[in-house]
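What follows is a single structure, written as structure tokens, with notes after it.
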Amino acid sequence: MAMIPEGLSPLKSGVYENPIGVALLKGSLLYSATSETSYKVCDSIDFGAAGFYHGYGITIGHEVSIDEIRQNSGQCSFCGTVAKFFSDWIHQKFDKQAPDLENAQAFVETYRLDSLELNDEGDPKGCLIRINVRFVVKKPAPSHDWFGPSLRFQKCSQDPLKVTDICDRDSLFDWESGEEEAYSGRIRPLVADTRLFRKWKESCCAIHGDHCKLIFTGRRLRRLRFIDVENRCLVDNEDDNSYTALSYVWGNAKLPQLTQSTDKRFREPGSLSTEMLPPTIDDAIEVTRSLGEKYIWVDCLCIMQDNEADKLELIPHMDSIFGFASVTIVAASGVNADVGLPGIRPKSRTQEQVLFRIKGASLLATLDPEGSEEIISYLGESVWLTRGWTFQEKIFARRALIFTKEQVYWECQKASWCEDGLWETTKSPTLYRHCLGEEDFRHPWSSDVDSFERIYRKLVEVYSVRKLTYEKDGLDAFAGILQHFEKQAGQNFLWALPASLLSTAIMWPCELSATRRLDSCTLRSEDGTVTRCPFPSWSWVGWVGEVVFVALFLGNLKSETVDLIFYHLDGSGLPRIIVQAAAATQSLSQISIRKDDDRTIVTPEDIPESVLTRSIARNILFFWSSAAILHVRHEVDKPSLSCKGKVVPSLWSHEPLSHPGHEEEAEFVVIGRESPKRKEDRLALLLVSWENGVAYRRGLVRIKISDWVELGNRVWKMIILG
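Quick look at the structure:
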């Protein structure tokens, strides 16, 4: 960090001061100048608004054109910093075709972080205000959507503390006895001072007590392998050793893998040397040492990659592996394991923090990763944040050390700390940021049905947009979460749908681009037999695409539905009723869809032999319901429905994939009822196609109950849904 004193002289680093001195970039030097035009753009902006408040704080809002900022960048420290950030972003983001900057704007506004504690009115007791500069530009043709990055500034003192100052003191909280304000900015070194990480961990263990000891209450796996960070080799778990775990993105990096042929070699001391490990794993070993831990768990080296039995034993228990880890090391920057952990090696971080003063306020740009306004996580556009496997790894981490491009964060159940700010405070109210963007994910496990229902929906919606290298991992990468819900909330699941809420959960809506997950899933039977089974079409886990529950249920899986009775096959091949929670349901008989003598019970005699002998037997649902054939015309906008020439108005929650203009006769099956809170009562119908006696979901649509009742071609039949 460099600082221009009053009466500026040429400097070799970029530090600005207003209004007395204004630095102008000229070659490689900065020269002082004085100008009354410093405030042409910034005159009305209250830079002093940045800081921590007890209560609501201050709101600011200004709109400025990019041209104005550029024109003033040589005379104003704020505009100069903002203009450079925007220019760097343009060059980094667009290699060939630049965006349309004719109407590009910058909005200077309040960015608010609210405290955990609430007052009697339910409002936050405190908040941190940052100055947020949000850019809005048009994407290059043919898109022309509006988007852009954000740059945030935080308050700091005139001579802010450095991370090394904190590490040199006995306690992490000694700074509170000085003049510094809580949550103000501080200076972090380019090469991380790992003493801070150990202080974070030791302070959490000392002051947070049971809150951060364990969020996982299940059984710790007895048969685990670890990397011994002192001897750099694999060892077997002994005596409930404390360990760290690494959450990272494999990407296209060439990873060393534990196999039956490498097992013996990797157990030799020194075998896992720096030369043979990708930088991310090698750096994580060094971080583990700096934390005072002796062991680290890394999937590619601690799971036998060519042994299906080993994988089936360990992969479903990611909740236990990451839940019992003392600290989870998160590699949230980079696209693969070759990137390393920024800050551990020299030259792995490059952003110098520049302190400047403007209108009496001292400010530092934050080191939070770049991200658009649509991204609610402070991790921004992190590849780690988009991957399927990393989701549950972070959900189960009781403590996490999160490495981003320019700074490291700490997250536990009680605190959220970062290198570039004085967030380590014993005073209330408390600020907390969760890297997944949902405060609910701090404590996602609850035994009451209402909390389970709400958090389950959120977890599914977030996970459903994550990417997996292999489609077959769709269930495995969520299995730890399901297993933990079984232990904590007493819930049972059928292919990731809660059995107690199956009547509504089976009506999951999704985005237009959802496609079937075509690969098969590896399952283990009660007798230990390993089989491959296709994913069912009736569960969201059988599809690749975003699930949006609110599109159908007004955000509640406990909504009233209809009284369908679902069956599945038990281990003996016999149909068993899926027991559901007692919820408000409407009888199909009451709305003239089912006759009193229509069947609802599925017997062993109803199950075709061809189904029992096929690999799909474990993913089939059996139930009796109302079905009808409708004419479907696939339009550019939405498919339209009709029956014998009469239009049937419809609302689609899952549009079937097809090309515009295609027409077909398709079967629709009543699967449930939309929430009665809507203005009109509607049934939810599955659009299905039949293959070898089994129906498969292709889409989900809602129509008025009265329109369905009026159909003359309705039939009552048993549905075999795969």
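So that you can map any letter, position 107 of the sequence shown is 127 in the numbering used here, and since no number is skipped, the others follow by simple counting. All residues carry an ideal CB built from backbone N, CA and C; glycine is no exception. Computed from a predicted structure; not experimentally measured.
Looking only at its chain, what residues have a beta carbon closer than 7 Å to the beta carbon of residue i, apart from the 5 residues adjacent to it on each side?
i    : result
G732 : none
W518 : In the sequence on display, residue 518 carries Pro and not Trp. The residues are Y476, Q511 and A525.
L488 : G408, G494 and A497
S368 : G360 and P362
Closer than 8 Å by C-beta to residue i: which residues in its own chain qualify, once you throw out the five before and the five after it? Chain order, please.
i    : result
H337 : L241, G500 and Q503
Y587 : P595, R596, I597, I598, V622, L641, F642 and F643
I723 : L661, V668, P669, S670, L671, R702, L703 and L705
I751 : No information on residue 751 is available, as it lies outside the stretch 21 to 742 that the chain covers here.
I'd like to know whether the C-beta atoms of residue i and residue j end up nearer to each other than 9 Å.
i    : j    : result
L584 : L720 : no
V631 : I739 : no
K492 : S559 : no
L744 : I186 : What is shown of the chain runs 21 to 742, which leaves residue 744 out entirely.
L311 : R252 : no
Y268 : A351 : yes
T406 : R287 : no
V428 : L210 : no
C553 : I636 : yes
L171 : V249 : no
L384 : G205 : yes
S448 : E258 : no
P464 : I422 : no
V550 : E328 : yes
S436 : S346 : no
V708 : A686 : yes
G441 : F67  : no
L148 : F72  : yes
D134 : G146 : yes
L456 : F513 : no
S97  : F505 : no
F16  : F155 : Residue coverage of the chain in this structure runs from 21 to 742, which leaves residue 16 outside it and unanswerable.
Classify residue i as buried or exposed, calling it buried when 16 or more other Cβ atoms lie within 10 Å of its own Cβ.
i    : result
Y476 : buried
L387 : buried
A53  : Confidence is the limiting factor: at A53 the pLDDT is only 28, short of 50, which leaves the residue's position unreliable and the question unanswerable from this model.
R285 : exposed
K615 : exposed
I396 : exposed
M808 : For residue 808 there is no data in the structure shown, the boundaries of the chain being 21 and 742.
N92  : buried
V35  : Note on V35: pLDDT 34, under 50, position unreliable in the model; no value is reported.
W317 : buried
P299 : buried
G742 : buried
G562 : buried
V735 : exposed
K221 : buried
H674 : buried
Nearest to residue i by alpha carbon, out of the options?
i    : options                   : result
G591 : L543, S267 and L517       : L543
L275 : K507, E372, G360 and G494 : G360
F344 : T264, D283 and L136       : T264
T535 : D134, R718, E200 and S177 : R718
P378 : S177, L321 and P680       : In the sequence as presented, Pro is not what sits at residue 378; that position holds Ile. Ranking the options by Cα distance to I378, first place goes to S177.
P529 : Y490, W515, E481 and K507 : E481
V729 : S678, S609, W672 and V652 : S609
H82  : V61, P624, C96 and G94    : V61
Q277 : S135, E675, Q325 and V403 : Q325
A647 : I691, P659, P298 and I364 : I691
N123 : K158, A509 and F376       : K158
R653 : S382, H674, H682 and S673 : H682
R243 : E313, N272, E333 and Q174 : E333
D256 : L321, G400, G713 and P659 : L321
S645 : I611, H674, E684 and V689 : V689
What distance in whole Å lies between the Cβ atoms of residue j and residue i, which are believed to be in contact at a cut-off of 8 Å?
i    : j    : result
Y315 : F246 : 4 Å
R132 : A70  : In fact, because the Cβ distance is near 11 Å, the residues do not count as touching under 8 Å.
E566 : S484 : 5 Å
R693 : L703 : 6 Å
E762 : L521 : For the chain, the structure presents residues 21 to 742; residue 762 sits outside this window and is missing.
Q371 : E426 : 5 Å
Answer yes or no: the CB of residue i versus the heavy atoms of the ligand SAM, is any distance below 8 Å?
i    : result
M738 : Absent from the structure shown: the ligand SAM. Ligands present: none.
Using a Cβ-Cβ cutoff of less than 6 Å, which residues in the same chain neighbour residue i once the five nearest sequence positions on both sides are dropped?
i    : result
S223 : L192
P676 : L707, R718 and G719
E88  : V61
A417 : F342 and T348
Y452 : L136 and S436
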